[in-house]
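Visitor: 77 is the number of the first residue of the sequence shown in the numbering used here; add one for each residue after it.
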Amino acid sequence: MLITGDKDEIRALAQSWRTSGERVGLVPTMGALHEGHLSLVRRSKAACARTVVTIFVNPTQFGPGEDLSKYPRTLENDCAMLEAEGVDAVFAPPDGSMYLQGHASWVLVERLTAGLCGASRPTHFRGVTTIVSKLFNIIQPHEAFFGQKDYQQAAVIRRMTLDLDMPVSITVGPIVREADGLAMSSRNRFLSGEQRQAAGILYRALCEVCTLAEKGTPLEDCLEHLRAAILSQPLAELDYAAIVDADSLEPVKDLSRPAVAALAVRFGPTRLIDNMLLPPGRTGDS
Ligand code: PAF
77 MLITGDKDEI RALAQSWRTS GERVGLVPTM GALHEGHLSL VRRSKAACAR
127 TVVTIFVNPT QFGPGEDLSK YPRTLENDCA MLEAEGVDAV FAPPDGSMYL
177 QGHASWVLVE RLTAGLCGAS RPTHFRGVTT IVSKLFNIIQ PHEAFFGQKD
227 YQQAAVIRRM TLDLDMPVSI TVGPIVREAD GLAMSSRNRF LSGEQRQAAG
277 ILYRALCEVC TLAEKGTPLE DCLEHLRAAI LSQPLAELDY AAIVDADSLE
327 PVKDLSRPAV AALAVRFGPT RLIDNMLLPP GRTGDS
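1) Return the CA-CA distance between Asp-323 and Arg-94, expressed in angstroms with no decimal places.
2) Look at the alpha carbon of Ile-349 and the alpha carbon of Tyr-316, and state the distance between them as a whole number of angstroms.
3) From the DSSP output, in three-state form, read off Glu-85 for me.
4) Could you pull the start and end residues of the alpha helix (DSSP H) that Ala-160 belongs to?
5) What did DSSP end up calling Asp-140 once you bin it into helix, strand or coil?
6) Rounded to a whole number of angstroms, what is the C-alpha to C-alpha distance between Leu-299 and Asp-330?
7) Could you tell me if the beta carbon of Asp-226 falls within a distance shorter than 6 Å of some heavy atom in the ligand PAF?
8) Run through DSSP, which three-state label would Ile-251 get?
9) So, at 7 Å on beta carbons, what are the nonlocal neighbours of Ala-335 in its own chain, with the 5 sequence-adjacent residues on each side left out?
10) Can you tell me where the alpha helix (DSSP H) holding Tyr-227 begins and where it ends?
11) Between Ser-120 and Val-128, what straight-line distance do the alpha-carbon atoms span, to the nearest angstrom?
12) Work out the CA separation of Arg-333 and Glu-111 for me, nearest whole Å.
13) Residue ranges of each beta strand (DSSP E) run of no fewer than 3 residues wholly in the region 306-339, ordered along the chain?
14) Grab me the residues of Gly-203's own chain with a C-beta within less than 7 Å of its C-beta, minus the 5 sequence neighbours each way, in chain order.
15) For Glu-326, which residues of its own chain have a beta-carbon under 7 Å away from its beta-carbon, when the five flanking residues on both sides are left out?
16) Is there contact between the region 207-221 and the region 157-175, where contact requires at least three CB pairs shorter than 8 Å?
17) With distances taken from each beta carbon to the nearest heavy atom of the ligand PAF, which residues come in below 6 Å, in chain order?
18) Excluding the five sequence neighbours on either side, which residues of its own chain have a C-beta within less than 6 Å of the C-beta of Val-185, listed in chain order?
19) Output yes or no for whether 7 Å exceeds the beta carbon distance between Tyr-275 and Phe-201.
20) Whose C-beta lies closer than 7 Å to the C-beta of Thr-150 among residues of the same chain, with five residues either side of it excluded?
21) Ala-220 to Arg-118, Cα distance in whole Å?
22) Since Glu-290 and Ala-305 are thought to touch, with beta carbons under 8 Å apart, how far apart are those beta carbons, to the nearest angstrom?
23) Return the bridge partner residues of Glu-284 from the DSSP annotation.
24) Identify, in the order they occur along the chain, each residue of the same chain with its Cβ nearer than 6 Å to the Cβ of Met-352, setting aside the five sequence neighbours on each side.
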């Protein structure tokens with residue numbers, strides 16, 4: 077497995093694979109890898125002859141006061157995990173190397189970035205779409221793999237590739253969960269024991285709402301239940317609880333179309349997100 081921080085080296089390698097007709101898969105990450113990331117790696121390996129994983133803690137997607145300096149960096153361990161998975165190459169550019177002095181260009185996706193996480197993190201998605209575009213330009217993968225935990229991110233990236241005619245197909249892998257249902261996240265390691273136990277409420281609340289939706293419960297009652305479940309946990313501070321259209325991410329009026337219930341919740345300084353797709357509910361009152 078090649079490990080490089082050199083753009084030209086990874087570009088040339090990926091180019092050589094494409095030239096010899098090999099399908100190239102890309103799994104972009106910020107490192108601190110867990111089973112969620114590895115599930116994407118396995119999907120890439122199943123679909124593509126070559127898999128590149130990128131590891132870069134992207135400063136432009138962190139707002140002022142967010143956890144950029146504390147973000148876990150475990151490069152050696154990450155590379156050992158990726159080697160064991162049979163990854164072909166890791167691109168891990170050094171801090172500071174992805175944005176030139178005087179960087180002035182951004183990729184913006186409108187509308188989809190306005191709500192949910194975009195409301196409390198107004199510059200976050202601009203950072204994500206810009207770095208992902210740069211990685212796509214360097215590696216030029218046929219397919220790129222993202223996790224459903226970051227539902228809004230995946231929707232934004234898919235929109236970007238469609239709108240900007242980027243020749244890469246986007247695959248979204250299911251959320252990988254701990255035994256109590258907590259979605260795996262590099263940030264879970266910041267939770268104290270007590271917070272970790274309390275954080276199980278996200279999954280339980282989402283499951284309850286899914287059950288309510290399946291029974292045909294009106295949207296407002298589902299949403300109220302989601303909020304109340306989180307607020308019942310004293311260690312949890314609700315950033316948002318929302319039920320939105322699964323494609324447009326706009327608030328929905330009812331559950332007649334596929335929707336997604338999404339949460340962002342803080343436990344102390346640690347902000348966790350999770351979501352669950354709600355199947356179109358029964359609209360009758362039987
Ligand atoms: O999901 C992430 O880890 C990041 O947002 C990504 C896609 C690697 C861009 O920095």
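Yeah, the Cβ is synthetic: ideal placement off N, Cα and C, and Gly gets one too.
This one's a predicted model, so the numbers in the text were calculated from it and none came from an experiment.
Guide: In brief:
1) 32 Å
2) 9 Å
3) helix
4) 151-161
5) The displayed chain sequence assigns Pro, not Asp, to residue 140. In the structure shown, Pro-140 sits in coil (DSSP, three-state: anything other than H, G, I, E or B).
6) 11 Å
7) yes
8) coil
9) Ile-319, Val-320, Asp-321, Ala-322, Val-328 and Leu-354
10) 227-239
11) 9 Å
12) 31 Å
13) 312-321
14) Asn-134, Thr-136 and Gln-137
15) Val-320
16) yes
17) Pro-104, Thr-105, Met-106, Asn-134, Gln-137, Val-204, Ile-207, Val-208, Asp-226 and Gln-229
18) Thr-205, Val-232, Arg-235 and Met-236
19) Note that residue 275 is Ala in the sequence shown, not Tyr. Against a cut-off of 7 Å, the Cβ pair of Phe-201 and Ala-275 comes out as no contact.
20) Gly-107 and Ala-108
21) 12 Å
22) Going by Cβ atoms, the distance from Glu-290 to Ala-305 rounds to 17 Å, so no, they are not a contact pair.
23) Paired residues: none, contrary to the question.
24) Leu-282, Cys-286 and Ala-337
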